[in-house]
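Enquirer: Got a structure for you, questions after.
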DNA sequence: TATGAATGAGCTTTCATTCAT
DNA sequence: AATGAATGAAAGCTCATTCAT
């Protein structure tokens, strides 16, 4: 299981090249540790993952974990800080088409699923460790609220254009996102696409007879 | 903090009388251990709670935990099995009034919040430990699906009476419940009552212009 | 080096028999750990002695050290508390003969050397670890002051009987004890008996011409 | 707290000019390390002080400690060798006035206290680490014996001048010094000046009735 | 000459679990 | 049926030391 060659999504995500290589964030070994921690914390949980197993999975000596991160706790915090997918999420939600609301919401939902799928490990860590780690909870909260703000902003525009009634857009965005999160990370039995379609219909059309 | 006399909600919940009193399930000490585990697992998480601290909080000798539950793992499983609030939840959701849909959904939501608040510890354990413990995940899943079934059943009646359009009631119930769970157990910053009102409006009236 | 059978000075020192054997202080294993700690701390110092080596030298499993003493620090504190030789020292200093002052002081000195030699390990620990451990420093201080008080008390009697000039007896006792301690525990190159004789002469007769 | 610019008493103490400036002993960084080690070893003890913290306190890169001293052990040995205050002590004890014995001893005592106070850190290291480090013990022993020799030499002169009885001057000097050391470095509760006065009186006048 | 990243052995401590009584 | 003393594996973390540059 410990693989020396696999490194999922770290190197590619860094776009800022050109700075001196001795910036700690750029060390190969450090990234390997973050990669390993990401996988193992998501899979087994923070408490059930030993720092030794992280080092092993990363293919580095055990002492290096503490050399780079000081403590296991800080490893987690640095992980959720540096591997946050909030920028990615905001960017992808912002580029929503100005199409009709239904298509737009479906599109937003699919983009959300895409990001969460790509960054599933870190997303699961956020959900799971929030209960024990205030710092993680803060990130998790920030991420939700930011996403809701972006979605609400889009809805505001739609309302302004007369395509939507003057509903409480923040609340609508919240309900929308809660359901996306639930399906993506908590209730895994649901088919995301089908659920998304039905949810969007429900939210747009309402259940009351017209 | 460890109290010898406090035993919140255990004894009263057992309705099965008639069986021999020396059945282990009915032992006072056993119940104390479950009570303590419930509180500590919810507060600190399963991994971060030692069996010793459970025994201490329960006011029983340390060996008794393993006498009654064989292993820490089994203590958790027995806990979520015996302290399930599914019956309570089903009963309270079933007694929904036949009033108009809006009032009914608001009522259902409030009842749900009431049950979850009363059984908060066990609810948090279900959410938190699902990721690591398939047995817990199964209970957690069963609980959601059962509640959704009850709510959908009610909605079916409403549709039959012509008070609601012929929507996919199971999906509507699911969206409804997901949001309740999210607000009750995950996003604690939200005011449940206000959120509930807006969510119900959204689901019933739809966002599209009429 | 680890000996299973050697247990220097513990069992013999306990005179209070008759109490239930499950008093922790009386456990054989616990005493073995204290014995081992006493030897190793004296020999290598507290910091340089691992709890594992203490357990090994005591012939008990490593976990037992923490079962009985909670922490390495507490092991040291319990050690200097339970193995204090203050009572022994006070008793032996009190039984000073009423003979002439010179013989009495020589006698006191020899008794002191005898006690310190018999309890050398713990005495060295007191001296050595005082710098880092306030609790040990407190014991060490208490021991000195108590011994000084006993000696001064004797000198007071001698002064009252006219055998000594009305000197500051507490100071004289202090000077006397400081030298004894120095020779017994710090400057090991000195021959105690010869040093004692000369010191007593000096203190009694004075260096000034008469 | 770690100061880059503070360097208490090192540079000034080196009187040996004329040798090539690139002798390691004269490096600024090397002296900073010795300064830091002196402070930290005295404060926390050798074992409890990490080489990293020494480098940090000295404001030099961690690797430099081993570059200059090879090992932590050797750092200690070089420290007590190079920072010995024996020359200082001998010089100051030698310049004793030829006044009457009482004044002379009081003066010697005060000078001793002055030197030890000024070089307190190194003095504490000598006392504390002697038990574990033979090399340190040797220095500590040498220092005592040298001081005793100087004092005894003075006393010999006094005896020759008829100001003192023909006592064993080496022994008298030893008792005198032991007490000074004890008060200066071990029993910190004592007021040095008052203790000194009483001790000198005791040693000169004797306790026996005249 | 000087540096700081890297290493791994070893430390203290915790804890689920066992078992004699 | 019930207990708590006992165990040892494993955890997080520290640190003297090395070495490529």
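Chains as they are written, first to last, in the working numbering: chain A, 1300 to 1509; chain B, 1300 to 1509; chain C, 1300 to 1509; chain D, 1300 to 1509. The beta-carbon is built from N, C-alpha and C at its ideal position, and this holds for glycine as well.
#1: Could you pull the start and end residues of the alpha helix (DSSP H) that residue 1433(B) belongs to?
#2: Chain C beta carbons: is any one of them nearer than 8 Å to that of residue 1344(D)?
#3: Suppose contacts are defined by Cβ-Cβ distances below 8 Å. Is residue 1456(A) in contact with residue 1431(B) by that definition?
#4: Quick one: what does DSSP say residue 1507(C) is sitting in, helix, strand or coil?
#5: Can you confirm whether the region 1374-1394 of chain B touches the region 1333-1352 of chain B when touching is taken to mean that 3 or more C-beta pairs between the two stretches lie within less than 8 Å?
#6: With a threshold of 8 Å between beta carbons, is residue 1425(C) in contact with chain D?
#7: Would you tell me roughly how many angstroms separate the C-alpha atoms of residue 1504(A) and residue 1418(A), rounded to the nearest one?
#8: In chain order, what are the residue ranges of uninterrupted alpha helix (DSSP H) at least 4 long that sit wholly in the region 1467-1502 of chain A?
#9: Kindly say whether residue 1367(C), judged by its beta-carbon, lies nearer than 8 Å to any beta-carbon of chain D.
#10: Determine the DSSP secondary structure at residue 1426(A), reduced to helix, strand or coil.
#11: Does DSSP put residue 1362(D) in a helix, in a strand, or in coil?
#12: In chain order, what residues of the region 1495-1509 of chain D put their CB closer than 7 Å to some CB of chain C?
#13: Per DSSP, what kind of secondary structure is residue 1400(C) in: helix, strand or coil?
#14: Pull up the CB-CB distance for residue 1477(B) and residue 1366(A), whole angstroms please, since I reckon it's below 8 Å.
#15: When the Cα of residue 1475(C) is compared with those of 1462(C), 1355(C), 1448(C) and 1424(C), which residue comes out closest?
#16: Confirm, please, whether the CB-CB distance from residue 1499(A) to residue 1408(A) is below 8 Å.
#17: Apart from the five residues on each side of it in sequence, which residues of its chain come closer than 8 Å, Cβ to Cβ, to residue 1320(D)?
#18: Along the alpha helix (DSSP H) that carries residue 1380(D), what are the first and last residues, could you check?
#19: Can you name, in chain order, every residue of its own chain whose Cβ lies under 6 Å from the Cβ of residue 1349(B), other than the five neighbours on each side?
#20: With a CB to CB cut of under 8 Å and the five nearest residues on each side skipped, what residues in its chain are close to residue 1445(B)?
#21: Straight-line CA distance for residue 1487(B) to residue 1356(C)?
#22: Verify the CB distance criterion: does residue 1477(C) have a CB-CB separation below 8 Å to chain D?
#23: Whole angstroms are fine: how far does the CA of residue 1404(C) sit from the CA of residue 1502(D)?
#24: Got a sec: is the Cβ-Cβ distance from residue 1431(C) to anything in chain D below 8 Å?
#25: Answer yes or no: the CB of residue 1382(C) versus the heavy atoms of the ligand SAH, is any distance below 7 Å?
#26: Inspect the beta-carbon positions of residue 1423(B) and residue 1341(B) and report whether they are closer than 8 Å.
#27: What in chain C is Cβ-close to residue 1470(D), meaning under 8 Å?
#28: Smallest Cα separation from residue 1508(B): which of 1495(A), 1420(A) and 1465(A)?
#29: Decide if residue 1441(C) is buried, meaning its Cβ has at least 16 other Cβ atoms within 10 Å, or exposed.
#30: Is the CB-CB distance between residue 1425(C) and residue 1410(C) below 8 Å?
#31: Out of curiosity, what's the CA-to-CA distance linking residue 1439(A) and residue 1420(A)?
#32: Alpha helix (DSSP H) containing residue 1348(C): first to last residue?
#33: In this structure, how does DSSP classify residue 1412(B) when only helix, strand and coil are distinguished?
#34: Any idea what DSSP makes of residue 1354(C), helix, strand or coil?
#35: Do residue 1354(A) and residue 1364(A) have their C-beta atoms closer together than 8 Å?
Expert: In short, the structure shows the following:
#1: Membership of residue 1433(B) in the alpha helix (DSSP H) is indicated by the continuous run 1433-1459.
#2: Chain C, which has a Cβ nearer than 8 Å to the Cβ of residue 1344(D), makes this yes.
#3: No. Outside cutoff.
#4: Note: residue 1507(C) maps to coil in three-state DSSP.
#5: Contact between the region 1333-1352 of chain B and the region 1374-1394 of chain B is present, because at least three Cβ pairs lie under 8 Å.
#6: Residue 1425(C) does not count as touching chain D.
#7: Residue 1504(A) and residue 1418(A) have their alpha carbons spaced roughly 32 Å apart.
#8: Those alpha helix (DSSP H) runs which fall completely within the region 1467-1502 of chain A and span 4+ residues are 1468-1480.
#9: Among the residues facing chain D, residue 1367(C) is not included, as its CB has no counterpart in that chain under 8 Å away.
#10: It is helical.
#11: Of the three classes helix, strand and coil, the one that applies to residue 1362(D) here is helix, per DSSP.
#12: Listed by position, the residues of the region 1495-1509 of chain D near chain C (Cβ gap below 7 Å) are 1497, 1498, 1501, 1502, 1503, 1504, 1505, 1506, 1507, 1508 and 1509.
#13: Helix.
#14: Actually they are not in contact, since the Cβ atoms of residue 1477(B) and residue 1366(A) sit about 43 Å apart, beyond 8 Å.
#15: Out of 1462(C), 1355(C), 1448(C) and 1424(C), 1448(C) has the C-alpha closest to the C-alpha of residue 1475(C).
#16: Cβ distance < 8 Å, so residue 1408(A) and residue 1499(A) count as in contact.
#17: Caution applies to residue 1320(D), whose pLDDT of 43 falls short of 50 and renders its modelled position unreliable; the value that the coordinates give is listed next. Its chain contains no residue whose beta carbon lies nearer than 8 Å to that of residue 1320(D) once the 5 sequence neighbours on both sides are disregarded.
#18: Bounds of the alpha helix (DSSP H) holding residue 1380(D) are 1371-1381.
#19: Excluding residues up to 5 positions away in sequence, nothing lies with its Cβ nearer than 6 Å to the Cβ of residue 1349(B) in the same chain.
#20: Excluding positions up to five away in sequence, the list reads 1385, 1388 and 1389.
#21: Taking the straight line joining both Cα atoms gives about 55 Å.
#22: Yes - at least one Cβ of chain D is within 8 Å of the one on residue 1477(C).
#23: Straight-line Cα distance between these residues: approximately 15 Å.
#24: Yes, contact with chain D.
#25: As presented, the structure is devoid of all ligands, the ligand SAH included, so that no description of it is given.
#26: In contact: residue 1423(B) and residue 1341(B) (Cβ atoms closer than 8 Å).
#27: In chain order: 1494, 1497, 1498 and 1501.
#28: Among 1495(A), 1420(A) and 1465(A), the Cα nearest to that of residue 1508(B) belongs to 1465(A).
#29: Counting Cβ neighbours within 10 Å, residue 1441(C) comes out exposed, since fewer than 16 surround it.
#30: No; because the gap between Cβ atoms is not below 8 Å, this pair is not in contact.
#31: Cα to Cα, residue 1439(A) sits roughly 13 Å from residue 1420(A).
#32: First-last for residue 1348(C): undefined, no H or E at that position.
#33: Here residue 1412(B) sits in helix by DSSP.
#34: Helix at residue 1354(C).
#35: Yes, they are a contact pair.
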